[in-house]
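Reviewing the structure listed below.
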Amino acid sequence: MPPILEERVSLRGFNTFGVEARARFFCRVRGADDLAALAAEPRLVGLPRLVLGGGSNLLLTKDFEGLVIKVEVPGVRDVGAADGAWHVEIGAGENWHDTVERLLAMDRPGLENLALIPGRCGAAPIQNIGAYGLELAERFASLTAWDLETQQAVRMSTAECDFGYRESAFKRGLAGQRVILSITLALPIKWQPVAGYADVAHELKAHGTQRPTAREIFDAVVAIRRRKLPDPAVVGNAGSFFKNPIVSRDEHRALIAHHPSLVGYPLSGGRVKLAAAWLIDAAGLKGATRGRAGVFEKQALVLVNRGGATGAEILALAREVQEKVAEKFGIWLEPEPVIV
Ligand code: EPU
7 MPPILEERVS
17 LRGFNTFGVE
27 ARARFFCRVR
37 GADDLAALAA
47 EPRLVGLPRL
57 VLGGGSNLLL
67 TKDFEGLVIK
77 VEVPGVRDVG
87 AADGAWHVEI
97 GAGENWHDTV
107 ERLLAMDRPG
117 LENLALIPGR
127 CGAAPIQNIG
137 AYGLELAERF
147 ASLTAWDLET
157 QQAVRMSTAE
167 CDFGYRESAF
177 KRGLAGQRVI
187 LSITLALPIK
197 WQPVAGYADV
207 AHELKAHGTQ
217 RPTAREIFDA
227 VVAIRRRKLP
237 DPAVVGNAGS
247 FFKNPIVSRD
257 EHRALIAHHP
267 SLVGYPLSGG
277 RVKLAAAWLI
287 DAAGLKGATR
297 GRAGVFEKQA
307 LVLVNRGGAT
317 GAEILALARE
327 VQEKVAEKFG
337 IWLEPEPVIV
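Below you can see the structure in the form of structure tokens.
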């Protein structure tokens, strides 16, 4: 069955900010064959493509005059073991959090620190999702993708994905060119807890947990996220709206001299990653409301739709946050979500 091409589709239900925008064309794809069929569709020639997973890292600011590809490739399967890790292949359309939980139940721990991150599995490599001391790159083996230029499926290794902090080749040279079909994760056979992140350590201590199991870390992360981050099903948001900026040792020294309570984490080579949430908070914007857009009360790095906001309103607030932080600290915050 060829995929069904819909026209003038509302994307409101397909982005976690819950903003309205329309797609000129919209198509759900379940595999490479569907993408090959779309290549032969004359109405789509020359039109831009937007690949959508869960729409949880996306801000739509206007209608999209091209083809929106909604990836719905299913499946979770064990594909063997190599280099001390179980390899599990996951369809790009699987829900991330449900997969983390399902793998725990299959006795394949290793993703528990990344519990409750919204979105689909195919989007995870794009921004190299990370939380509570772990990044996807540390549990990644390879992926398969469909190349929209060559109209062929390709396999990509960790090195080819070129992961960085909330970065990958898919946000740089390959932006808009490849549709991720499946990811293969490498989950350690000899599992060890990653429980050093302060919030996680406190949460486990509060429960009197000494040697946490993967399930206990999963529960701790879920509890922390539920307390601090808004549920996109209730309040529209895309998680952290900005990346934590990285500054040199000298810049950090100069900043801390003026702002002794500045929060930062040392990186290798003397550089320091600053808590953007702290910068926004210190610029007096936590809890701010502009029209129907706002800065979340419990986590200043999260912008929210307070009900009926447009993408343009959220973007204007983001711009104000960037300007106020730049005025006070001389740092320009970079957005984390894809802005269309
Ligand atoms: N802080 C404030 N004010 C606030 C919130 C936080 O001053 O309103 C300070 C606190 O000192 C806190 C520090 O900022 O200790 C860092 O806050 P938090 O631990 O909540 O982490 P974050 O750096 O703000 C990052 C990720 C999150 C991830 C958490 C936990 C980025 C851009 N964000 O946030 O990822 O869940 O760490 O690991 O790296 C996302 O990418 O969408 C996301 C939610």
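Under this note's numbering, the first residue of the sequence shown carries the number 7, and numbering increases by one thereafter.
In this text, a Cβ means the ideal position worked out from N, Cα and C, and glycines have one as well.
Source: prediction; values computed, not measured.
* Would you call the segment 209–221 and the segment 108–117 in contact, with 3 or more CB pairs under 8 Å? -> The segment 209–221 makes contact with the segment 108–117, as at least three CB pairs between them are under 8 Å.
* Nearest-angstrom Cα separation, counted from residue 135 out to residue 125 -> Cα to Cα, residue 125 sits roughly 10 Å from residue 135.
* the ligand EPU heavy atom lying under 6 Å from the CB of residue 250 -> It does: the Cβ of residue 250 is within 6 Å (strictly closer) of some heavy atom of the ligand EPU.
* Scan the segment 24–54 and note each continuous alpha helix (DSSP H) run of 4 residues or more that stays entirely inside, going in chain order. => With a minimum length of 4 residues, the continuous alpha helix (DSSP H) runs that stay inside the segment 24–54 are 38–45.
* Asked: Beta carbon of residue 271: closer than 6 Å to some heavy atom of the ligand EPU?
  -> No, since every heavy atom of the ligand EPU falls outside the 6 Å radius drawn around the Cβ of residue 271.
* To do: Output the boundary residues of the alpha helix (DSSP H) element that contains residue 224.
  => Secondary structure note for residue 224: its alpha helix (DSSP H) is the uninterrupted segment 220–234.
* Asked: Over what stretch of residues does the alpha helix (DSSP H) that includes residue 322 continue unbroken?
  -> Residue 322 -> alpha helix (DSSP H) spans 317–335.
* Find out if the Cβ-Cβ distance for the pair residue 145, residue 78 is shorter than 7 Å. => Their beta carbons are not under 7 Å apart, which means residue 145 does not touch residue 78 by this criterion.
* Asked: If you count every other CB in all the chains shown that lies within 10 Å of the CB of residue 174, and 16 or more means buried, which is it?
  -> Classification for residue 174: buried.
* Asked: Does DSSP classify residue 141 as helix, strand or coil?
  -> In this structure, residue 141 counts as strand in the three-state DSSP scheme.
* Check each candidate in 280, 230, 237 and 302 and name the one with the smallest Cα separation from residue 339. => The candidate whose alpha carbon is nearest that of residue 339 is 280.
* Please list, in chain order, all residues of the same chain as residue 83 whose beta carbon is under 6 Å from its beta carbon, the five residues on each side excluded. => Taking C-beta separations shorter than 6 Å and ignoring five residues to either side along the sequence, the partners of residue 83 in its chain run 95, following chain order.
* Burial state of residue 172 (16 or more Cβ within 10 Å) -> So residue 172 ends up on the buried side.
* Counting pairs of Cβ atoms below 8 Å between the segment 310–329 and the segment 281–299, do you hit three or more? -> With three or more CB-CB distances shorter than 8 Å, the segment 310–329 counts as touching the segment 281–299.
* **For residue 304, the nearest candidate out of 286, 313 and 315 (CA to CA)** => Answer by Cα proximity: 286.
* What are the uninterrupted segments assigned as beta strand (DSSP E) that are 3 or more residues long and contained completely in the segment 99–170, given in chain order? -> Here the runs fully enclosed are 146–153 and 158–163.
* Asked: How would you call residue 62, buried or exposed, if buried means at least 16 neighbouring beta carbons within 10 angstroms?
  -> Classification of residue 62: buried, given that the 10 Å Cβ count is 16 or more.
* Asked: Is residue 267 buried or exposed, if buried means 16 or more other CB atoms sit within 10 Å of its CB?
  -> Around the beta carbon of residue 267, fewer than 16 other beta carbons sit within 10 angstroms, so the residue counts as exposed.
* Which residue comes first and which comes last in the alpha helix (DSSP H) that contains residue 209? -> Its alpha helix (DSSP H) spans residues 204–212.
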